[in-house]
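Below is one structure, written out as structure tokens; comments come after it.
Numbering (our numbering), first residue to last: 136 to 225.
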């Protein structure tokens, strides 16, 4: 369609970011222990001893920020274009 612009890419970026957060969260949860005495050492273990654990942890941390940027842009686009006025939205 002729009315599609770059603003419509944030839906797919939002889905991609959510999938990435779920996958990296699952991989991190496999090695994390939530006990109060071993929580910090388990994070250090993930960063030092797990293959590419530092990368997975950074992807998960920065992915959360990127997810919120995308969701705010998605909401802003909806407000700018007045998508909330259409009956089909609700």
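A virtual CB, placed ideally from N, CA and C, is assigned to each residue, including glycine.
Asked, Found
"Looking at residue 209: is its Cβ nearer than 7 Å to the Cβ of residue 149?", "yes"
"Please classify residue 217 as buried or exposed, where buried requires at least 16 other C-beta atoms within 10 Å of its C-beta.", "exposed"
"Apart from the five residues on each side of it in sequence, which residues of its chain come closer than 6 Å, Cβ to Cβ, to residue 169?", "none"
"Got a sec, what are the start and stop residues for the alpha helix (DSSP H) residue 196 sits in?", "188 to 216"
"Between which two residues does the alpha helix (DSSP H) holding residue 220 run?", "Element bounds for residue 220: n/a, residue is neither H nor E."
"State the start and end residues of the unbroken alpha helix (DSSP H) segment that holds residue 159.", "145 to 166"
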